[in-house]
Structure formats: structure tokens, C-alpha cells
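Engineer: In the UniProt record's numbering, the protein residues as written are 1 to 581.
Provided herewith is a single structure, encoded as C-alpha cells, for subsequent inquiry.
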């Protein structure tokens, strides 16, 4: 275990304090107990200061500590791949990860070599770093409107939303280099590619999961508390991608403590998952797995990269249990999937091992992303048609009320057949199979559903709600005049408030009754009609008892026995409202 801490500074202060405690003649002497108390207090105070400002003392673009894997395990299971990777992290003698300046220099140098690449700065991080977007098309355009006129699928590749997961971002730079060369010649006549290599520039500097504000942007794709999440989604909305790749890393140590004499390590080079939210159209979910995930996994296996469906692990009731990727809409994979799009989480085996296996980690990301890009190019008509039809169908469903058309607000993973999970026994260094129970999100069971309305209406004061929804690309309208409308209103029956903050919010679980009434709405009331492609995102935010709703995150207030300021319009007649920016 390698650590970078401020302990040496604490020891120096203690030593100096002891030197300064002297006895002279009849001067009042400090007794040893008091000296020890002073020293202990100083040490504790300094320790707290140093821990509070650990970013100041940590080396940038490096972890504070990491676990070293046994050499025999690396040699046997994770050999270094052949051939160089020509991105900044692999410069000879470089021990840290790619800095922001190195990344920007690499990007602008790459642009000079390519006729198909444009660079756009979409804004700045909270600490002032530029956020670059790399745009690849043939012919080469920087404007999203021009790229959409090509009528080709757009692939969006983003990396390092978590700053301590560098392989995804470095892999994105590797894909960019290849798109500037032969890969671009191969695919850019059929597809356009937009790359966000580093979502979290500040977190990458501090080598921390969260943004500079200590919030997690991958839990912010509905509520939009974070500056970078807003900037990224504003760019995303312009390009309207059909395909999304979200590149991450996952933890190597700590999962399998009861395996063998020393515990176990994760085995798979890559874990991959499509978006799983049950409100994503079935055809999109089907093609996601049968075409994209299947192709990527076969390609990885053919190159000796082990892979598996993404999972989380627990000892449920003492039984080893894995859960497939969740359905919660607040995370990127599902939020992008609800646009709708083909959306994929790709995670390499990397958290907690420093720069070990970094070539292998990065190359596995390059292989995964390039396979998804090639699958898009080789099936461009199918990809475009499937997403276009899904967006049109959602828009059509939002025009009229159908009692059989229900939104899934909550669900549970379904217990399916047990499996044998490949892991590594640290004690023997061998790959072993662990019997696990499996809970599937692909076959998740709805536990709360509600009929799709044709619109949601909120009073004029709820500008914050309208603004947050607009970041998801939702079209916002306002009533042109005072109106009385038949609606369904929510009355709060009960609520349970978390005692601990989650991502800056005390979450609030409510149960509600839904009742019909006539309600008066003043001119300027907000109207969110459901005849738009990302209508399912509207419902996930505004249905109060949905998994990640605005009521859940206390963006919309809720009190027991009170009516919520959100109303469901379940009539087929259109509402007199105008679109606002």
C-alpha cells in the first residue's frame, strides 16, 4: 500500500513543541501531563486540518493510496497488451495520469492531423478548466445542426465522469486518435461521433470520484445540481445522439472477503450493461443487448479480454449475490436511455490499483467503444430507424390517454437462475468459480405504475422545476391565459425523510392518493406536454412517488395531508399554452 499523507508535518510540529517546553529556575514548569495534553491537542487539530484540506497535499492526477496486486496474478491473468497506446499517460517514464494541460495539448495537436475533427469548448469546470468536446464527421462540421442534416446516427462517448476512474477518459483519447486516422476513414461516412473525454476535470485533478463540490455527477442526470452536468446535457441535447457510451472503472479489491485464505479479486477486464429502465421502449432495450452488447462482448473475448454483464455484489443473507445494473433514472446510463437512445455503461477493472494494468484497462475501453461505433456504422439504418421510431411512438402515446399505457415508477430486480461467477483467489492466484444468486434488472418486476397523462401542470412560481426539466431537453410551455382545467391532484398520505444527506439532499419518500378535480390555473402556469420524445423523463421527475422524483429530492415540497403543486392532465383536448425558451 502506497500512501501520501501529511503525517510527517504533524510529527515535525510535535517535535518542535517538545523542544519549546523548558524549565528555568523558579519559572512555573509545565508538568508532563499538561505537555502531553498540549501535544495531543495540536496533533489532533493539525490532523483535522490536513484531512479537511487533503486536496492541497495530494499529488495531482495520482491516488493518495492504492492496493498492489500480487505479481503472479498480474502476470497470469492481466498481461500487458502488445503495441503502444499513443496517448499522454503512456509517455516514457510518466508515473501519474494525464493532466488537463496534457489532454488539451494532445487534443489540439490531434486536430491538426485530421480533416474530420473539430474541437468545441462547451464551458468550464467549477474550478475553471475548459471542457472540450471532440466532434468527428465527414464532411467535418462543428455545428450540431449541420451534423444532424447528414441524417446519420450520432454516437456520444464520454469518459471520466468519476475522477478516480482514468482509463475511460484515456480510452476516449485513444478512440479519438484512431478516428483522426484509419478508423475515421472507415466509419465516418456512415456515422458521426462526439467525444467528451473528461466529464470531471476537477475530480481528475484531485483523483476523487466526485466533482470539486463533492457531489457525484453520475447521480445528477435528473436533478441538475452540478454545473458540469448542465453544460454536458446542453451539448448532448444539441446532437440528439442515437448511441451513448459512458466509460467508467470498477473496484478490484474488497468484494470477495470469504474466498480462500486471503479473499478474492474481481476477474473481468470489462463489465458492460445497456440501459435498464423499464420505460425505455422494448425495441430499444432488445437491440441494445442483442446487437451492441453481444457484439462488444464477442469482440473483447476474441482479443482475450475477459468480460461479463455489469453487476454489483453483496452477501445477501450470507449468500453470495449479484445484482445486474440498476434501473434508477438518475444515473447517466438510464437517463440517456430515456431520451431514448441506445445507452451503455462500460467499466474496466481499475479502481484501487493505481496505474497497474493501465495499458490493458485503456485498450479494453478502446476495443469496447470502437466495437460499438462499428456496430452503429454497420447497422446505421437499423440504429437510426429504431431510435426514430421509438421517439415518434413516445410522442404519439403522449397525445391521448390510454388506460393500458402505464408508466413504471418503481420496480424490483427479479430472482433468476443461479450462476457461477469467475473471480481470482488471492491465496492461490487461480481463477475460481463462485456460486452466486442472480437478480436481473432486464426482467425487473414493476411494483408501482400509473397511467400516462397527456400533460403535467405546475403553478407559475415553479421556475426551478421548469429549468431543471429543460436541461433534459424537455420542451417547456406556459398557459396563455387563466384557465380552469380538469386534472388529477396528488394528496400526500405519508412521507419518510432520510436522516442523512444524499448528494446534497435529504431524500423524501412519499405515498400519495390521486383524485380528480377541477383546478384554476393562472396565466403563466407551466405546462409539460407528454407528446415529446423524452416525455418519460418528465414523468420520472414529476410523479412524486417515482424512484428519483423532484419530490423525492425535495425540489418540490411535500407535507402530509397537503396537495402537491403538480397536476396530471388526463384529457385528450390540447391546452392553450406556448413554448418558452
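We put the CB at the ideal spot given by N, CA and C, even for glycine.
All values derive from a computational prediction rather than experimental measurement.
Mapping the DSSP letters down to three states, classify residue 520 as helix, strand or coil.
Structural biologist: strand
Engineer: Considering only their Cβ atoms, is the gap separating residue 527 from residue 490 smaller than 9 Å?
Structural biologist: No, Cβ-Cβ distance for residue 490 and residue 527 is not below 9 Å.
Engineer: Return the residue from the list 486, 560, 469, 517 that minimises the CA-CA distance to residue 233.
Structural biologist: 469
Engineer: Considering just the uninterrupted stretch of the beta strand (DSSP E) at residue 526, what are its terminal residues?
Structural biologist: 526-529
Engineer: Are residue 292 and residue 239 close, meaning C-beta to C-beta below 9 Å?
Structural biologist: Not a contact, by the Cβ cut-off of 9 Å.
Engineer: In three-state terms, what does DSSP make of residue 198?
Structural biologist: Reduced to three states, the DSSP call for residue 198 is coil.
Engineer: Going by CA-CA distance only, name the one from 71, 98, 182 that's closest to residue 61.
Structural biologist: 98
Engineer: Which ranges would you report for the beta strand (DSSP E) in the segment 459-487 if only whole runs of at least 3 residues count?
Structural biologist: 476-479
Engineer: Mind the definition here: the segment 219-226 touches the segment 73-88 only if three or more C-beta pairs lie below 8 Å; say whether that holds.
Structural biologist: no
Engineer: Reducing DSSP to helix, strand and coil, say where residue 581 ends up.
Structural biologist: Look at residue 581 here: in three-state DSSP terms it is coil, with no helix or strand label.
Engineer: Alpha carbon to alpha carbon, how far is residue 253 from residue 432? Give it in angstroms, no decimals.
Structural biologist: 16 Å
Engineer: Where does residue 100 fall in DSSP's three states?
Structural biologist: Note: residue 100 maps to helix in three-state DSSP.
Engineer: I think residue 161 touches residue 154, with their Cβ atoms under 8 Å apart; what is that distance to the nearest whole Å?
Structural biologist: That belief does not hold up - the Cβ atoms of residue 161 and residue 154 are roughly 19 Å apart, past 8 Å.
Engineer: Taking the continuous beta strand (DSSP E) assigned at residue 418, which residues delimit it?
Structural biologist: Looking at the DSSP string, the run of the beta strand (DSSP E) that includes residue 418 is 406-425.
Engineer: Measuring only the C-alpha atoms, how far is residue 383 from residue 299?
Structural biologist: 19 Å
Engineer: What are the residues that DSSP puts in a beta bridge with residue 505?
Structural biologist: 502
Engineer: First and last residue of the alpha helix (DSSP H) that includes residue 172?
Structural biologist: 166-179
Engineer: Between the beta-carbon of residue 241 and the beta-carbon of residue 339, is there less than 9 Å?
Structural biologist: Yes, Cβ-Cβ distance for residue 241 and residue 339 is below 9 Å.
Engineer: Could you round the C-beta distance between residue 110 and residue 182 to whole angstroms and report it? I think they count as a contact, below 8 Å.
Structural biologist: At roughly 14 Å, the Cβ-Cβ gap does not stay under 8 Å, so residue 110 and residue 182 are not in contact.
Engineer: Less than 7 Å between C-beta atoms, sequence neighbours within five positions excluded: which residues of the same chain meet that for residue 33?
Structural biologist: Reliability fails at residue 33, whose pLDDT of 42 lies under 50, so the model's placement of it is uncertain and the value that follows must be treated cautiously. Same-chain partners within the cutoff: there are none.
Engineer: Check whether the Cβ atoms of residue 656 and residue 246 lie closer than 9 Å to each other.
Structural biologist: Outside the displayed span of the chain (1 to 581) sits residue 656, for which this structure offers no information.
Engineer: Under a three-way DSSP split, which group does residue 158 fall into?
Structural biologist: Collapsing the DSSP output to three states places residue 158 in a strand.
Engineer: Within a Cβ cutoff of 6 Å, which residues of the same chain sit near residue 230, ignoring the five residues on either side of it in sequence?
Structural biologist: The beta carbon of residue 230 sits closer than 6 Å to those of 224, 471, all from its chain and outside the five residues before and after it, given in chain order.
Engineer: Let me check understanding here. Comparing Cα to Cα, which of 376, 423, 102 lies closest to residue 604?
Structural biologist: Only positions 1 to 581 of the chain appear in this structure, which leaves residue 604 out of reach.
Engineer: Within the continuous beta strand (DSSP E) that includes residue 321, where are the two ends?
Structural biologist: From DSSP, the beta strand (DSSP E) with residue 321 extends over 319-324.
Engineer: Spell out a yes or no on whether the segment 199-210 and the segment 383-400 are touching, meaning 3 or more CB-CB pairs, one atom from each, closer than 8 Å.
Structural biologist: no
Engineer: Which residue marks the beginning of the beta strand (DSSP E) containing residue 388, and which one marks its end?
Structural biologist: No beta strand (DSSP E) holds residue 388; the alpha helix (DSSP H) holding it covers 380-397.
Engineer: For residue 287, which of 249, 534, 342 has the nearest alpha-carbon?
Structural biologist: 342
Engineer: Terminal residues of the continuous alpha helix (DSSP H) containing residue 583?
Structural biologist: Because the chain in this structure spans residues 1 to 581, residue 583 falls outside the shown range and cannot be described.
Engineer: Quick one: Cα of residue 105 to Cα of residue 71, how far?
Structural biologist: 35 Å
Engineer: Between which residues of its own chain and residue 410 is the CB-CB distance below 6 Å, once the five residues before and five after are set aside?
Structural biologist: Excluding five sequence positions before and after residue 410, the CB atoms of its chain that fall closer than 6 Å to its own CB belong to 447, 448, 547, given in chain order.
Engineer: Who pairs with residue 513 in a beta bridge, going by DSSP?
Structural biologist: 491
Engineer: According to DSSP, simplified to helix, strand and coil, what is residue 210?
Structural biologist: Looking at residue 210 - three-state DSSP - the assignment turns out to be coil, as it is neither helix nor strand.
Engineer: By how many angstroms is the C-alpha of residue 59 removed from the C-alpha of residue 440?
Structural biologist: Rounded to whole angstroms, residue 440 to residue 59 spans 41 Å at the Cα level.
Engineer: For residue 233, list the residues DSSP reports as bridge partners.
Structural biologist: Within the DSSP bridge table, the entry for residue 233 names no partner.
Engineer: Evaluate the contact criterion for the segment 322-332 versus the segment 254-265: three or more CB pairs, one atom per stretch, below 8 Å.
Structural biologist: no
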